[in-house]
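Counting along the sequence shown from 1, when you hit position 96 you're at 96 in the UniProt record's numbering, and nothing is skipped either side. Have a look at the structure below before the remarks.
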Amino acid sequence: MAEASRWQQGGTPKHKLHFRKEDEIKTTLQELLLYFIFLINLCILTFGMVNPHMYYLNKVMSSLFLDTSAPGDERSNFKSIRSITDFWKFMEGPLLEGLYWDSWYNNNKLYNLKNSSRIYYENILLGVPRVRQLKVRNNTCQVYSSFRSLMSECYAKYTSKNEDTSDFGLNSDTEWKYSSATISSPRHWGFLGVYQNGGYIFTLSKSKSETKSKFVTLRQNSWITRETRVIFIDFSLYNANVNLFCIIRLVAEFPATGGVLTSWQFYSVKLLRYVSYYDYFIASCEITFCIFLIVFTAQEAKKMKEFKSAYFKSIWNWLELLLLVIFKFISFNKTMSQLSSTLSRCMKDIVGFAIMFFIIFFAYAQLGFLVFGSQVDDFSTFQNSIFAQFRIVLGDFNFAGIQQANRILGPIYFITFIFFVFFVLLSYDNVLEKLKLKKPQKDEKSGDLVEQARREGFDETEIRSAEQMKKWKDRLEKKYYSTEIQDDYQPVTQQEFRDLFLYAVELERELHYISLKLNRVMRKVSALP
Numbered sequence: 001m002a003e004a005s006r007w008q009q010g011g012t013p014k015h016k017l018h019f020r021k022e023d024e025i026k027t028t029l030q031e032l033l034l035y036f037i038f039l040i041n042l043c044i045l046t047f048g049m050v051n052p053h054m055y056y057l058n059k060v061m062s063s064l065f066l067d068t069s070a071p072g073d074e075r076s077n078f079k080s081i082r083s084i085t086d087f088w089k090f091m092e093g094p095l096l097e098g099l100y101w102d103s104w105y106n107n108n109k110l111y112n113l114k115n116s117s118r119i120y121y122e123n124i125l126l127g128v129p130r131v132r133q134l135k136v137r138n139n140t141c142q143v144y145s146s147f148r149s150l151m152s153e154c155y156a157k158y159t160s161k162n163e164d165t166s167d168f169g170l171n172s173d174t175e176w177k178y179s180s181a182t183i184s185s186p187r188h189w190g191f192l193g194v195y196q197n198g199g200y201i202f203t204l205s206k207s208k209s210e211t212k213s214k215f216v217t218l219r220q221n222s223w224i225t226r227e228t229r230v231i232f233i234d235f236s237l238y239n240a241n242v243n244l245f246c247i248i249r250l251v252a253e254f255p256a257t258g259g260v261l262t263s264w265q266f267y268s269v270k271l272l273r274y275v276s277y278y279d280y281f282i283a284s285c286e287i288t289f290c291i292f293l294i295v296f297t298a299q300e301a302k303k304m305k306e307f308k309s310a311y312f313k314s315i316w317n318w319l320e321l322l323l324l325v326i327f328k329f330i331s332f333n334k335t336m337s338q339l340s341s342t343l344s345r346c347m348k349d350i351v352g353f354a355i356m357f358f359i360i361f362f363a364y365a366q367l368g369f370l371v372f373g374s375q376v377d378d379f380s381t382f383q384n385s386i387f388a389q390f391r392i393v394l395g396d397f398n399f400a401g402i403q404q405a406n407r408i409l410g411p412i413y414f415i416t417f418i419f420f421v422f423f424v425l426l427s428y429d430n431v432l433e434k435l436k437l438k439k440p441q442k443d444e445k446s447g448d449l450v451e452q453a454r455r456e457g458f459d460e461t462e463i464r465s466a467e468q469m470k471k472w473k474d475r476l477e478k479k480y481y482s483t484e485i486q487d488d489y490q491p492v493t494q495q496e497f498r499d500l501f502l503y504a505v506e507l508e509r510e511l512h513y514i515s516l517k518l519n520r521v522m523r524k525v526s527a528l529p
């Protein structure tokens, strides 16, 4: 019991334990520095992939080809197309003027362009634009018997089975003949269906006059018919000033209901990776990242071989396998480890909540900047992404913008952000209260003392005896020394009297043990010269 009392007061650490703790702290600090360097390198790589000029290049091109109208006709811009007539007005007006820049604003001829065009004088048009349409066959849908006399032709929505591959019209040039799609060619996911490659294709000329003549011929000979379901306009350009390529696709879908639905894609990419000194610095960071990746993978493989099945019992090992040891240091750091235990222990609720919230918040801000930064104004910079997410929390947000930028990642980003912020983080305290996961600070200290006693070599019998005595003491103190009880007189039962008596005996034993120990110390002190 005396040894248990000494353990209850904290005990005396051994020298070996002291050295082992110092070694653990040193190793942990070294790993902290290593992973800190790794995270900095990863952030440099992440932000180095995005060029702020991507957004401005996409914005300039979209303004030119989507918002520009012919003089005196506001319905001729691409966004306002509602019929086949509007489509031809756009082709012969804003599209033609946007693709061919033959002279300066003062009508002086441009310098030698080598038979190519420079859009806005700075962006070289690569090759020539391509126009492609897909059609469906007649009688691909069923007409009710009472209306067959009124409608002899029926054209269903586009599918690969309904696609028309026969030649039509003048049947002289490629635009009137079907071109088969290659096996590896990607498909386009539109508003009304998934469209495969191939179709009726023609390329524009490098001469503006020849292209305009081609458009007039196609319009007069009804190149667009009732069978038409979609038309693609594809071209790309290069800006040497910012070393960016811009890939542009304008899509006009013709639904079976009539009318026209327009959509577009503007993608700015950096295909020539290593040009400037900053590009070579990014290349060195990529090499460093690969080295980190190989080392971390080797470490995890060594652990898996050493611990075998026991390796997969640790949640941190699963995180290391999934996230490539980015968050490995969390399992060692005392402050960061609270993040993994906030739902069970809830220590320092406000600090834990703030850390958790901003980790998720900034991760989504970075994701929004990387995915939508080149196309959406609200995500054009990392700072704008942060403010855009605060606007999402307040309910002021343009969802259509990110959906237009990426029809798959846009909704996924928005839904998961709302889920984590509103349904997980902001309901954090309520969940803890309902589950009653908070523990008194006193119990936490007791648990720490138990672990410390085991590390220092105390016997389990002594530990259990000391725990029982401590619970006994706390229960009696709570009953007879509580400040909440105002009445001095409290009746005592026979069992409670027996417990008090035994507790007094134990206190007397402890006092006797401490007295003997104090006498030994005093004799040693008095024996000193």
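All C-beta atoms, glycine included, are put in the ideal place defined by N, C-alpha and C.
For the beta strand (DSSP E) containing residue i, name the first residue and the last one.
i	result
Y100	Premise fails: Y100 is in no beta strand (DSSP E) and is neither H nor E.
A181	That residue, A181, is in no beta strand (DSSP E); it is neither H nor E in DSSP.
G127	N123 to K135
T228	T228 to N239
Compare the Cα-Cα distances from residue i to each of the options and report the closest residue.
i	options	result
F78	A527, R132 and L95	L95
T228	A240, S145, I84 and S172	I84
V60	L409, V376, I37 and Y513	V376
F36	Q265, P71, N162 and F289	F289
I233	L99, E31 and L409	L99
C43	F369, E92, F417 and F90	F369
E122	Y503, D164 and Y238	Y238
residue 533	F235, L502, S284 and K517	Past the boundaries of the shown model lies residue 533; the chain is included only from 1 to 529, so the question cannot be answered.
S284	N41, L272 and D396	N41
F191	V230, L29 and M304	V230
Q133	F38, Y158 and S152	Y158
Y278	A181, R226, V242 and I294	V242
W176	L218, T211, G93 and E163	L218
R118	N108, N107, D102 and N106	D102
F296	S160, E31 and I25	E31
Would you mind stating whether residue i and residue j have Cβ atoms separated by less than 9 Å?
i	j	result
G193	S179	no
T203	R249	no
F399	F420	no
C246	L57	yes
residue 580	F382	Residue 580 is absent from the model: the chain starts at 1 and stops at 529.
N171	C154	no
L282	L45	The sequence given here has Ile at residue 282, not Leu. Yes.
K214	S205	yes
S268	M54	yes
S80	S69	yes
K109	T225	no
Three-state secondary structure (DSSP) at residue i?
i	result
Q389	helix
K438	Model confidence at K438 stands at a pLDDT of 46, short of 50, so the residue's coordinates are unreliable; what they give is reported in the following sentence. Three-state DSSP puts K438 in coil, outside helix and strand.
Q299	helix
F327	Any reading at F327 must be qualified, since the residue scores a pLDDT of 49, below 50, and its modelled position is unreliable; no value is offered.
T257	coil
V275	coil
F382	helix
A252	strand
A527	helix
W223	coil
L244	strand
R118	strand
A70	strand
S263	strand
S160	coil
V194	strand
V269	strand
Q486	Confidence at Q486 is low in this model, with a pLDDT of 46, below 50, so its placement is unreliable and the value that follows should be read with caution. Reduced to three states, the DSSP call for Q486 is coil.
K208	helix
Q9	With a pLDDT of only 46 at Q9, under 50, the local geometry of the prediction cannot be trusted, and no value is derived from it.
Under DSSP, the alpha helix (DSSP H) around residue i begins and ends at which residues?
i	result
Y56	H53 to S62
T203	No alpha helix (DSSP H) holds T203; the beta strand (DSSP E) holding it covers Y200 to T203.
I408	No alpha helix (DSSP H) contains I408, which DSSP labels as neither H nor E.
T85	I84 to F90
May I ask whether a heavy atom of the ligand ADP can be found less than 8 Å away from the beta carbon of residue i?
i	result
V194	Although the ligand ADP was asked about, the structure shown includes no ligands whatsoever.
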